[in-house]
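Per the numbering used here, the sequence shown starts with residue -16, numbered consecutively. Every residue, glycine too, gets a C-beta built ideally from N, C-alpha and C.
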Amino acid sequence: MKKIAIISSSVRRGRNSHRVALYFKNYLVENSLAEAEILDLKEYEFPLFDERLRLQKDPSTRAIEFALRIREADGVIIVTPEYNGGYPASLKNIVDLLYDEWRRKPVAISTVSDGPFGGSQVITSLQFSLWKIRAWTVTAMFPVIKVVEAFDENGVPVDRKAADKRAAGFVSELLWCIEAKAKMD
Ligand SMILES: Cc1cc2nc3c(=O)[nH]c(=O)nc-3n(C[C@H](O)[C@H](O)[C@H](O)COP(=O)(O)O)c2cc1C
């Protein structure tokens, strides 16, 4: 079974986008679509970026372990909030930290907001950074509007049928890219 790493990007106290990361983990596992694990940037507590991992003289075991998890994942789902039209520093931190690990990595992006626009502005800057670092961003989107109304704290969607329908399309695009890549490797 393919492995999908879900990056939960918000480290904010009282964050809500983590609900969407929990949802994806449950969705993938319950539907036997992939092995899934959440890489929670709040738990990692990475210091502010000061050098790329491959150039660090004395890298932390946490950073090495994180890099390995990305390397070993067949695909990645990034769940990101939108902060002032961009993505959070916690996420930029780990995009810049790694290098080879991102190369041709299928990455699907879910943008989350507590308002009516579903983080529609964050997608452009994040797509661009991931393209620059040579990740393979999947074109499907999973914007979440009014996240607190849409998912509970355990990631259970209020309207499961609608959420699962959207997730099916989103995840199938990611799995397609994973399959396509496996054929070329
Ligand atoms: C510093 C900051 C800036 C924000 N800017 C935006 C924004 O530009 N657009 C938007 O839709 N929501 C914005 N929000 C609200 C987030 O969408 C909201 O916090 C949501 O729950 C996702 O972030 P969270 O996981 O940190 O909770 C902002 C929140 C913070 C803390």
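Presumed contact (8 Å Cβ cut-off) between residue i and residue j, rounded CB distance
i           : j           : result
residue 16  : residue 80  : Not quite, the Cβ-Cβ distance comes to about 28 Å (not below 8 Å), so this is no contact.
residue 2   : residue 138 : 5 Å
residue 8   : residue -11 : 6 Å
residue 131 : residue 0   : Actually they do not touch by this definition, with Cβ atoms about 10 Å apart.
residue 154 : residue 11  : 7 Å
residue 45  : residue 27  : 6 Å
residue 133 : residue 141 : 6 Å
Boundaries of the beta strand (DSSP E) in which residue i is found, first to last residue
i           : result
residue 78  : Run containing residue 78: none in the beta strand (DSSP E); it sits in the alpha helix (DSSP H), 72 to 80.
residue -14 : -14 to -9
residue 22  : 18 to 23
residue 12  : Taken as a continuous stretch (DSSP letters only), residue 12 belongs to no beta strand (DSSP E), being part of the alpha helix (DSSP H) at 1 to 13.
residue 92  : 89 to 95
Sequence-distant residues of its chain with Cβ nearer than 7 Å to residue i (five each side left out)
i           : result
residue 84  : 50, 53 and 54
residue 136 : 2
residue 69  : 105 and 108
residue 23  : -9
Residues of its chain near residue i, where Cβ-Cβ distance is below 6 Å and the 5 sequence neighbours each way are ignored
i           : result
residue 186 : The first residue shown for the chain is -16 and the last is 168, placing residue 186 beyond what the model contains.
residue 76  : 29 and 32
residue 14  : none
residue 57  : -15, -14 and 161
residue -6  : 24, 25 and 73
residue 112 : 78
Residue i: first and last residue of the uninterrupted alpha helix (DSSP H) it sits in
i           : result
residue 155 : 143 to 167
residue 106 : 105 to 115
residue 60  : Segment 58 to 64 is the beta strand (DSSP E) holding residue 60; no alpha helix (DSSP H) there.
residue 131 : 130 to 133
residue 123 : No alpha helix (DSSP H) contains residue 123, which is instead part of the beta strand (DSSP E) from 119 to 124.
residue 49  : 44 to 55
Residues near residue i by beta carbon distance below 8 Å, same chain, minus five either side
i           : result
residue 102 : 63, 64, 65, 94, 95, 96, 126 and 127
residue 82  : 35, 36, 37 and 116
residue 156 : 91, 121, 122 and 123
residue 119 : 87, 88, 89, 90, 160 and 164
Buried or exposed (CB count within 10 angstroms, at least 16 for buried), residue i
i           : result
residue 152 : exposed
residue 168 : exposed
residue 114 : exposed
residue 148 : exposed
residue 88  : buried
residue 145 : exposed
residue 47  : exposed
(message) Considering only heavy atoms of ligand 1 and the C-beta of each residue, which residues fall inside 6 Å, strictly closer?
(response) -7, -5, -2, -1, 0, 64, 65, 66, 67, 68, 95, 96, 97, 98, 100, 102 and 130
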